[in-house]
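In my numbering, the protein residues as written are 4 to 98. Even glycine gets a Cβ: it sits at the ideal position worked out from N, Cα and C. Every value quoted in this text rests on a predicted model; they were computed, and no experiment measured them.
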């Protein structure tokens, strides 16, 4: 009975350590591609607006790449921590 309680407590502690990491994960949203009209006259007429859309897209895609890299690094760190937690969990179980 005591061994079961110890095991349950260990699992509860592991879950409490794991759950905050889930809340910290960030979602990276890819920007929408800029719209380019097919009509050459429209392109000339709205050139400044289209150019602005492309420049904004380039800024946004760079931010998106940074977000993905940060999330990747966070996920690797979380995986390392979870692996260590699992090792401690197995030690408590005597495996």
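I'd like to check one pair, residue j with residue i: are the Cβ atoms closer than 8 Å?
| i | j | result |
| --- | --- | --- |
| residue 37 | residue 60 | yes |
Along the chain, where does the alpha helix (DSSP H) containing residue i start, and where does it finish?
| i | result |
| --- | --- |
| residue 60 | 50–96 |
Whether or not the stretch 29–36 and the stretch 66–85 are in contact is what I'm after, with contact meaning three or more pairs of Cβ atoms, one per stretch, closer than 8 Å; do they touch?
With a cut-off of 8 Å, the stretch 29–36 and the stretch 66–85 count as touching, because enough Cβ pairs lie within range.
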